[in-house]
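Reviewing the structure listed below.
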Amino acid sequence: MNDVVASAVAEAHRRDWARVLAATVRVTHDLDLAEECTQDAYAQALQTWPTAGVPERPAAWLTRVAGNRALDVLRRESVHRRTLPMLAGAQDDAAEGSIDDDRLRLVFTCCHPALSHDARVALTLRLVCGLSTAEVARAFLVQESTMAARLTRAKKKILAARIPYRVPPPEDLDDRIDAVLTVVHLIFTTGHTAPAGRDPVRPDLIGQAIALCRLLRLLMPSSPQVSALLALLLLNDARTGTRVDDAGHLVLLPDQDRTRWDRDKITEGTALLNGALARAAPTRYAVEAAIAAAHAEAPSWQQTDWTEIVALYDVLGTLWPSPVVQLNRAIALGHRDGPAAGLAALDVITDEPALAAYGYLSAARADFLHRLGRRAAAEAAYREALMLAGNQAERDVLQAKLTELGRDCG
Numbered sequence: 004m005n006d007v008v009a010s011a012v013a014e015a016h017r018r019d020w021a022r023v024l025a026a027t028v029r030v031t032h033d034l035d036l037a038e039e040c041t042q043d044a045y046a047q048a049l050q051t052w053p054t055a056g057v058p059e060r061p062a063a064w065l066t067r068v069a070g071n072r073a074l075d076v077l078r079r080e081s082v083h084r085r086t087l088p089m090l091a092g093a094q095d096d097a098a099e100g101s102i103d104d105d106r107l108r109l110v111f112t113c114c115h116p117a118l119s120h121d122a123r124v125a126l127t128l129r130l131v132c133g134l135s136t137a138e139v140a141r142a143f144l145v146q147e148s149t150m151a152a153r154l155t156r157a158k159k160k161i162l163a164a165r166i167p168y169r170v171p172p173p174e175d176l177d178d179r180i181d182a183v184l185t186v187v188h189l190i191f192t193t194g195h196t197a198p199a200g201r202d203p204v205r206p207d208l209i210g211q212a213i214a215l216c217r218l219l220r221l222l223m224p225s226s227p228q229v230s231a232l233l234a235l236l237l238l239n240d241a242r243t244g245t246r247v248d249d250a251g252h253l254v255l256l257p258d259q260d261r262t263r264w265d266r267d268k269i270t271e272g273t274a275l276l277n278g279a280l281a282r283a284a285p286t287r288y289a290v291e292a293a294i295a296a297a298h299a300e301a302p303s304w305q306q307t308d309w310t311e312i313v314a315l316y317d318v319l320g321t322l323w324p325s326p327v328v329q330l331n332r333a334i335a336l337g338h339r340d341g342p343a344a345g346l347a348a349l350d351v352i353t354d355e356p357a358l359a360a361y362g363y364l365s366a367a368r369a370d371f372l373h374r375l376g377r378r379a380a381a382e383a384a385y386r387e388a389l390m391l392a393g394n395q396a397e398r399d400v401l402q403a404k405l406t407e408l409g410r411d412c413g
């Protein structure tokens with residue numbers, strides 16, 4: 004197998020996995036069988052494409068192969084499978100017929116409110132984004148066997164609860180969209196700062212989240228929630244190309260080359276945000292997008308409007324009370340009013356149980372302590388952050404700060 008074919012199959016997996024799987028589910032009415040047949044199709048591509056060539060439309064080729072494989076299995080096991088529970092509503096709106104419609108069906112099935120929050124996220128990462136069970140396990144910081152069992156239970160719940168494989172009717176969309184947007188946002192954040200592994204950024208997950216949000220906007224073009232989330236994703240993704248240097252090291256926001264930020268994404272994101280704010284009162288995603296826009300509009304780190312950002316975090320705290328919001332507000336306050344003010348704000352939330360294993364709190368404390376010249380306390384905080392960091396790239400940054408602190412002491 005040559006590198007061109009391997010690269011083409013890998014790209015088709017990143018781009019088309021959800022499309023192929025979702026179309027195959029409509030044939031099988033069975034998530035497990037659809038997964039198996041989709042995996043078989045990609046394996047067949049690795050064997051066939053080196054001699055037959057990469058097809059002009061890889062997604063169509065993979066969908067056809069997976070569908071044929073599914074039909075073969077169903078024919079062989081027809082008597083047995085008639086006794087098994089099947090996925091409800093798998094053909095309810097099949098007349099719509101497009102692969103993109105299938106992908107939306109898959110998203111809404113994975114994010115059904117009958118499933119727990121963690122099950123929604125795990126299923127979406129596995130089925131929609133095509134992550135392996137091992138990769139999903141790393142995102143949740145659990146063993147692969149534990150995650151495999153969770154995914155199995157979630158799929159059984161879909162069957163037992165007769166969760167339909169369809170996009171909800173228009174009258175139900177408003178009630179269902181919050182769960183879907185939450186999962187799409189989590190997919191993006193998992194890609195934006197990978198929770199584990201060597202790579203600090205997962206562009207494939209970022210791309211999946213943005214593609215899903217664009218699909219949702221096609222489905223609900225007048226929804227300010229969907230527009231605001233898409234704005235947030237685009238404004239944050241505009242910086243992706245500058246967040247990692249050529250050696251694979253993480254580049255923090257103050258050190259990024261702003262001339263290389265994607266101005267088209269910033270322009271589109273800002274327009275979407277303005278449109279969302281014109282149609283409805285600010286939502287959580289709209290305020291987060293406004294914070295991202297404030298960073299995007301600043302000509303330099305030194306010229307960041309921290310007064311505006313602190314005020315936006317105050318609004319966000321009323322819409323979405325969260326210790327993480329308080330942490331980010333404290334960091335912004337420290338940049339506006341100085342490290343002592345930031346440290347005092349962090350002290351208020353130090354004992355929050357939700358932040359007990361959150362390394363960013365320790366890292367923020369270390370930064371403020373360092374700026375205040377409290378080197379021993381800063382070193383202890385950096386070491387705590389280093390212990391809690393899951394991503395190797397983030398550990399490298401913290402280790403570099405510890406080394407810098409040691410040089411300052413010398």
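Residues in the sequence shown are numbered consecutively from 4, following the numbering used here. For every residue, glycine included, the Cβ atom is placed at its ideal position computed from N, Cα and C.
query: Cross-strand partners of VAL247 (DSSP beta bridge); result: LEU253
query: CA-to-CA distance, PRO203 to GLU250, given in whole angstroms; result: In the sequence as presented, Glu is not what sits at residue 250; that position holds Ala. If you take the alpha carbons of ALA250 and PRO203, they lie about 12 Å apart.
query: C-alpha gap between PRO58 and GLN42, whole angstroms; result: 18 Å
query: Beta-carbon proximity list for ALA69, same chain, < 6 Å, skipping 5 on both sides; result: VAL23, THR27, CYS40, THR41, ALA44
query: Beta carbon of ALA335 nearer than 9 Å to that of LEU349; result: no
query: Sequence-distant residues of its chain with Cβ nearer than 6 Å to GLY320 (five each side left out); result: VAL328
query: 8 Å contact criterion, which THR273 and PRO227 should meet: CB distance rounded; result: So it is not a contact: roughly 15 Å between Cβ atoms.
query: Pairwise C-alpha distance: ALA163 and ILE312; result: 47 Å
query: Buried versus exposed, by CB contacts within 10 Å (16 or more), ARG263; result: exposed
query: For GLY376, the nearest candidate out of PRO172, LEU232, LEU408, ALA347 (CA to CA); result: LEU408
query: Three-state secondary structure (DSSP) of GLY341; result: coil
query: Rounded straight-line distance, which links the Cα of LEU401 to that of PRO257; result: 15 Å
query: Where LYS159 falls, given that 16 or more other Cβ within 10 Å makes a residue buried; result: exposed
query: Where LEU215 falls: helix, strand or coil (DSSP); result: helix
query: Where GLN50 sits in the DSSP three-state scheme; result: helix
query: Where SER365 falls: helix, strand or coil (DSSP); result: helix
query: Local Cβ density within 10 Å of GLU38, reported as buried at 16 or more and exposed below that; result: buried
query: CA nearest to the CA of ALA46, picked from THR66, HIS115, HIS32; result: THR66
query: Residue closest to ILE352, alpha-carbon to alpha-carbon, out of TYR363, ARG72, LEU330; result: LEU330
query: Start-end ranges of the alpha helix (DSSP H) lying completely within the segment 4 to 48, minimum 4 residues; result: 6 to 31
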